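S.K.:
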Amino acid sequence: VGKTTLAQLVYNDQQFLTGCFDLKAWVCVSEEFDVVAITKIMLESVAPGSHAPSDLNQLQVSLKEKLSKKRFLLVLDDVWNENYDDWDLLCGPLRAGAPGSKIIVTTRHVRVATTMSSLPAYPLNVLENEECLSLLAQRALGRRDFNAHPSLKEIGEAIVRNCKG
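With the working numbering as the guide, the letters of the sequence shown map in order to residues 403 to 567.
Rendered as C-alpha cells:
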C-alpha cells in the first residue's frame, strides 16, 4: 500500500536530500534476485557511462571503489528474496560507503525486512475512509474538507471507496 510511492517521494525530494548524500541509486528488484544484475544497475547509477564488467567480483570491486567513503542513498524496490546469503553477497560493496549512508528496501514480505534486520520494518497501513476523504480534499481543493464545495463531497466519497484506503 504505497511503499514504492513513499520511497519515490523521499528519493526525489531534492530539498530534503540536498547535502545529505553524495550518490543515490534506485533499483527495481522484483521476484528475480540476480546479484550480478542488481550490482550492475547500482554501479551504472552511481557512475553513469562507466564500463560495467560482467564478472560479479569485478563489478563489486568497481562498485566498492565508487562508494568508498561516500554517503549514498540506495533504494531497493519490490524485493522478494529472503535468502540471507544472497543479501550478504549483495551488501559486500555497500559497506565501503561513509557513515550515514542509507538503504531503503520496499517489500510485501515481512521476512525480507527481518532478513535485512538493521532497523525495524515500517509497515504501511491503509487509511480510514475519513482520513482518505480529508487527504483527497486537501490535495484537490487545498482544504481538509468539502465544506466550501458540498456538491463535490459525494464524488470524493465515491473516489475514496474505489481506492480502498
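Glycine is no exception: its CB is placed at the ideal position from the N, C-alpha and C atoms.
Computed from a predicted structure; not experimentally measured.
#1: Consult DSSP for serine 432 and reduce its assignment to one of helix, strand or coil.
#2: Straight-line CA distance for glycine 499 to lysine 468?
#3: How about arginine 546 and serine 553: are their beta carbons less than 7 angstroms apart?
#4: Note down the Cα distance separating cysteine 430 from alanine 449, rounded to an integer number of angstroms.
#5: How about glutamate 446 and alanine 439: do their beta carbons lie closer than 7 angstroms?
#6: Taking 6 angstroms as the limit between beta carbons, can you name the residues of its chain near alanine 396, skipping five residues before and five after?
#7: For cysteine 534, which residues of its own chain have a beta-carbon under 8 angstroms away from its beta-carbon, when the five flanking residues on both sides are left out?
#8: Please state whether the Cβ-Cβ distance between valine 528 and leucine 491 is less than 7 angstroms.
#9: In three-state DSSP terms, what is phenylalanine 418?
#10: Compare the C-alpha of leucine 461 against each of Ala539, Ser503, Asp480 and Cys493 and name the closest.
#11: Identify every run of the beta strand (DSSP E) within the stretch 455-519, keeping only runs that are complete inside it and at least 3 residues long; order them along the chain.
#12: Judging by CA-CA distance, which residue of Leu411, Trp428 and Met518 is the nearest neighbour of aspartate 487?
#13: Mapping DSSP to helix, strand and coil, what is alanine 560?
M.R.: The short version:
#1: Within the sequence shown, the letter at position 30 stands for residue 432. Strand at serine 432.
#2: The residue you call residue 499 lines up with position 97 of the sequence shown. The residue you call residue 468 lines up with position 66 of the sequence shown. So the alpha carbons of these two residues sit roughly 9 angstroms apart.
#3: Here residue 546 is taken as the residue at index 144 of the sequence shown, counted from 1. Here residue 553 is taken as the residue at index 151 of the sequence shown, counted from 1. For arginine 546 and serine 553, no; Cβs fall outside 7 angstroms.
#4: For the purposes of this step, residue 430 is identified with residue 28 of the sequence shown, where counting begins at 1. For the purposes of this step, residue 449 is identified with residue 47 of the sequence shown, where counting begins at 1. Going from the Cα of cysteine 430 to the Cα of alanine 449 covers about 18 angstroms.
#5: Translated into the one-based positions of the sequence shown, residue 446 becomes position 44. Translated into the one-based positions of the sequence shown, residue 439 becomes position 37. In this structure, alanine 439 does not lie closer than 7 angstroms to glutamate 446 by Cβ.
#6: In this structure the chain extends from 403 to 567, so residue 396 is not present and cannot be described.
#7: The count along the sequence shown starts at 1 and reaches residue 534 at position 132. If we look at cysteine 534 and ignore the five residues flanking it on each side, its Cβ neighbours are Val562, Cys565 and Gly567.
#8: As a first step, residue 528 is located in the sequence shown; it is residue number 126 there, counting from the start. As a first step, residue 491 is located in the sequence shown; it is residue number 89 there, counting from the start. Cβ atoms of valine 528 and leucine 491: not closer than 7 angstroms.
#9: Numbered from its first residue, the sequence shown carries residue 418 at position 16. Helix.
#10: One-based indexing of the sequence shown puts residue 461 at position 59. Looking at the Cα atoms, Cys493 is the closest of the given residues.
#11: 474-481 and 504-509
#12: Taking the first residue of the sequence shown as position 1, residue 487 is located at position 85. Closest option to aspartate 487, Cα to Cα, is Met518.
#13: For the purposes of this step, residue 560 is taken as residue 158 along the sequence shown, with counting starting at 1. Three-state result, alanine 560: helix.
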